[in-house]
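A.B. asks: First the structure, then my questions, so here it is.
Chains as they are written, first to last, in the numbering used here: chain A, 1 to 297; chain B, 298 to 669.
In structure tokens form, the structure reads like this:
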């Protein structure tokens, strides 16, 4: 409720202080450049023509804005033998990521709620086992998972990939929500019980509306993990059902013809844009959610 | 119809550790019962068991004429006010208050009129559309009470509802809770560790310690006739002085000698006949003499009475509180507190003439702690 101001803290003045400030900002600028230069190079390269790329240096700016590489990457670049660009694969990724994020976040919230607010014998053991799932390297589960998908008839399909990501996301989503709910006063749940609400009534009408900060964190995490996943995508899908990460690899690693760096760069940015957008949109909401959630129950 | 509550040999353990050790309590309809005791005595667990938020380890609970052992909280016709208020942070004050009625599918018009009625009573109508986060502690407390009152249950349970408020607000809300009880006449079970809250609110107090109810009686009885040293020491602020000594028969009178017989400055507190005649303990029996601070004052400062005893001791510490001044002094190794008028106080180190009203003295057995 009452926040301590930290902007008013007294500090030293004088030339030494100015010098140290200058140094501080110089170092910060250096770090900014370290992270931003690759992005700048990617964007500027994607806007150049092939001739410009051959003649100019890596850091030189494009002479004009040429979006043809973007159009190619989106609509006509060759992925393997199919030359329809990244578009169909972006949709594959969307169709896979959105349900997988939604289902795993929802189940994680339900798990966290049950593990903290409806304590039962062995709850800590179950949580420890769930947590164990967060430490399993994905390579280990490739074969058993492939057999399972085959058994379920989901091998090589987008729904199969949704199942895989939901299952492996549960460890993290459960962890996030469990840690969030442990800080939520038990009194609120007890009050709702006395008020006549049941397990799901309390979950949907009392607990879930309180957990927006946890939902945002989990969605950012899960979206990034699932959208950027390459291993499961390449292992469990084939050709037309590939997610965009796999398709991008196939565009860039083509062994025929001239290397079209501008198309490669545009394709890489297209593949990375959704995660960036989630960070920007949800991140702002996340900060607001944090400060709104900082009241005591 | 107002319901009473009957607890029958209640037990509860947490992981092999028994916290409620067989409690029997009969609460009359419309009574205001306060469960009081130090932290960890099991009072909140007991309240949660009555609410149905904690399963029973043994025994039975009757609310009205029903056995509710296996009835979930929502069907017990109770309402509860929690220590941390436990308001729903994402709901407005109005939604907080009506949530219980929503889950019970009570018609909208009835909900509306109930909110009107109780928001006027509790003076919360000005912020019905705010969220709990925008309210002060006292306002949240009122909302929490509104949420409990609005359903008009037969039994109200309060779990240390005032402990998060500042001192001034606590006294205000205390009076308000008492007024509400007088007005509504419903049965209330109220948990607190604050003995003043217990004294001011209760029609009967259950003093709890270590999973047992030590004494269950009205506030005056608890204060004037505590059954043992624990109850005597817990109720009252500053607490009752507990002076260990020996029972002696001297010159046809029964006295308590403290600190010991061979001490050069031993005091012999003469017991009133009414008390002495009751005692059949042998000469030299170890006892504890209980003297409330307000029964010790400056010699001659009160109207003379029958059973008075005067003695001289140096003052060790003086603690003014405003209306009274506490004087700390020593008899042997025991520190005692006298409550004197501010103008009677004296400087630390100076000798002071004390007078004790022995008619109010209590005698406890040093071994068993029981009142004799």
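Note that the Cβ used here is the ideal one computed from N, Cα and C, for glycine as well.
Under 7 Å Cβ-Cβ, which residues of chain A neighbour residue 387(B)?
C.D. replies: What residue 387(B) touches in chain A: 209, 210.
A.B. asks: Taking a contact to mean a Cβ-Cβ separation below 8 Å, would you say residue 615(B) touches residue 646(B) in this structure?
C.D. replies: In this structure, residue 646(B) does not lie closer than 8 Å to residue 615(B) by Cβ.
A.B. asks: Do residue 73(A) and residue 266(A) have their beta-carbon atoms positioned less than 8 Å apart in this structure?
C.D. replies: Yes; because the gap between Cβ atoms is below 8 Å, this pair is in contact.
A.B. asks: Would you mind sorting residue 294(A) into buried or exposed? The rule is 16 or more other CB atoms within 10 Å of its CB.
C.D. replies: Caution is warranted here: a pLDDT of 44 is assigned to residue 294(A), below 50, making its placement in the model unreliable, and the coordinate value is therefore given only provisionally. Residue 294(A) should be labelled exposed.
A.B. asks: Flag this pair as yes or no: are the beta carbons of residue 210(A) and residue 387(B) separated by less than 8 Å?
C.D. replies: Their beta carbons are under 8 Å apart, which means residue 210(A) touches residue 387(B) by this criterion.
A.B. asks: Going along the stretch 180-193 of chain A in order, which residues come within less than 8 Å of chain B, judged by CB to CB distance?
C.D. replies: Within the stretch 180-193 of chain A, the residues whose Cβ lies closer than 8 Å to some Cβ of chain B are 185, 187, 188, 190, 191, 192, 193, listed in chain order.
A.B. asks: Is the Cβ-Cβ distance between residue 541(B) and residue 552(B) less than 8 Å?
C.D. replies: Their beta carbons are not under 8 Å apart, which means residue 541(B) does not touch residue 552(B) by this criterion.
A.B. asks: Under 7 Å Cβ-Cβ, which residues of chain A neighbour residue 617(B)?
C.D. replies: Neighbours of residue 617(B) on chain A: none; closest Cβ ~33 Å, over 7 Å.
A.B. asks: So, are the CB atoms of residue 333(B) and residue 495(B) less than 8 Å apart?
C.D. replies: It is a contact, given that the beta carbons lie within the stated cut-off.
A.B. asks: Which same chain residues, not among the five before or five after residue 506(B), have their C-beta less than 6 Å away from its C-beta?
C.D. replies: For residue 506(B), where only same-chain residues beyond five positions count, the Cβ hits under 6 Å are 334, 338, 527.
A.B. asks: Closest Cβ-Cβ distance between residue 310(B) and chain A: below 8 Å?
C.D. replies: For residue 310(B), the answer is no, since every Cβ of chain A falls outside 8 Å of its Cβ.
A.B. asks: Counting only Cβ pairs nearer than 9 Å, list the residues of chain A close to residue 274(B).
C.D. replies: A question about residue 274(B) goes unanswered here, because the residues of chain B that appear run from 298 up to 669.
A.B. asks: Verify the CB distance criterion: does residue 197(A) have a CB-CB separation below 8 Å to chain B?
C.D. replies: Output row for residue 197(A): interface = yes.
A.B. asks: Between residue 370(B) and residue 193(A), is the Cβ-Cβ spacing less than 8 Å?
C.D. replies: Yes. Within cutoff.
A.B. asks: Which residues of chain A have a Cβ atom closer than 8 Å to the Cβ of residue 655(B), listed in chain order?
C.D. replies: Near residue 655(B) there are no residues of chain A at all, since even the closest Cβ is about 48 Å away, more than 8 Å.
A.B. asks: Using only the alpha-carbon positions, how far apart do residue 638(B) and residue 623(B) sit?
C.D. replies: If you take the alpha carbons of residue 638(B) and residue 623(B), they lie about 9 Å apart.
A.B. asks: Tell me the rounded alpha-carbon separation between residue 515(B) and residue 521(B).
C.D. replies: Rounded to whole angstroms, residue 515(B) to residue 521(B) spans 10 Å at the Cα level.
A.B. asks: Report the rounded CA-to-CA distance for residue 297(A) versus residue 509(B), giving the unit in angstroms.
C.D. replies: Below a pLDDT of 50, predicted positions are generally treated as unreliable, and residue 297(A), at 36, falls in that range; no measurement from the model is reported.
A.B. asks: Rounded to the nearest angstrom, how far is the Cβ of residue 400(B) from that of residue 196(A), given a contact under 8 Å?
C.D. replies: Between residue 196(A) and residue 400(B) the Cβ distance is about 4 Å, and since that is below 8 Å, they are a contact.
A.B. asks: Under 8 Å between C-beta atoms, does residue 201(A) make it to chain B?
C.D. replies: It does; some Cβ of chain B falls within 8 Å.
A.B. asks: Just curious, the alpha helix (DSSP H) that residue 265(B) is in, first and last residue?
C.D. replies: Lying outside 298 to 669, the shown extent of chain B, residue 265(B) is not represented and no answer is given.
A.B. asks: Identify, in the order they occur along the chain, each residue of the same chain with its Cβ nearer than 7 Å to the Cβ of residue 285(A), setting aside the five sequence neighbours on each side.
C.D. replies: So the list reads 216, once near-sequence residues are dropped.
A.B. asks: Taking only three categories from DSSP, how would you classify residue 159(A)?
C.D. replies: DSSP places residue 159(A) in helix when its eight states are reduced to three.
A.B. asks: Going along the chain, which residues of its own chain have a beta-carbon closer than 8 Å to the beta-carbon of residue 84(A), five neighbours each way excluded?
C.D. replies: So the list reads 75, 76, once near-sequence residues are dropped.
A.B. asks: Does the separation of the CB atoms of residue 486(B) and residue 447(B) fall below 8 Å?
C.D. replies: No, Cβ-Cβ distance for residue 486(B) and residue 447(B) is not below 8 Å.
A.B. asks: Return helix, strand or coil for residue 241(A), following the three-state DSSP convention.
C.D. replies: It is helical.
A.B. asks: Between residue 123(A) and residue 236(A), is the Cβ-Cβ spacing less than 8 Å?
C.D. replies: For residue 123(A) and residue 236(A), no; Cβs fall outside 8 Å.
A.B. asks: Residue 154(A) and residue 107(A): beta carbons closer than 8 Å?
C.D. replies: Taking 8 Å as the Cβ cut-off, residue 154(A) and residue 107(A) do not qualify as a contacting pair.
A.B. asks: Just verifying my parser: in three-state terms, what is the DSSP assignment at residue 472(B)?
C.D. replies: The answer is helix: DSSP assigns residue 472(B) an H, G or I state.
A.B. asks: Under a CB-based cut-off of 8 Å, is residue 216(A) close to chain B?
C.D. replies: Not an interface residue.
A.B. asks: Determine the contact status of residue 218(A) and residue 157(A), defining contact as a CB-CB distance below 8 Å.
C.D. replies: Against a cut-off of 8 Å, the Cβ pair of residue 157(A) and residue 218(A) comes out as no contact.
A.B. asks: Classify residue 533(B) as buried or exposed, calling it buried when 16 or more other Cβ atoms lie within 10 Å of its own Cβ.
C.D. replies: The residue is buried, with at least 16 neighbouring Cβ atoms inside 10 Å.
A.B. asks: List the endpoints of the continuous alpha helix (DSSP H) containing residue 17(A).
C.D. replies: It spans 15-46 - the alpha helix (DSSP H) in which residue 17(A) sits, taken as one unbroken run.
A.B. asks: Can you tell me whether residue 385(B) is helix, strand or coil according to DSSP?
C.D. replies: Residue 385(B) falls in the coil class under three-state DSSP.
A.B. asks: List, from N- to C-terminal side, the beta strand (DSSP E) runs of 3 residues or more that fit wholly inside the stretch 423-479 of chain B.
C.D. replies: Entirely contained in the stretch 423-479 of chain B, the beta strand (DSSP E) runs reaching 3 residues are, in chain order, 452-456.
A.B. asks: Taking the DSSP output, what are the residues bridged to residue 565(B)?
C.D. replies: BP columns for residue 565(B) point to 554(B).
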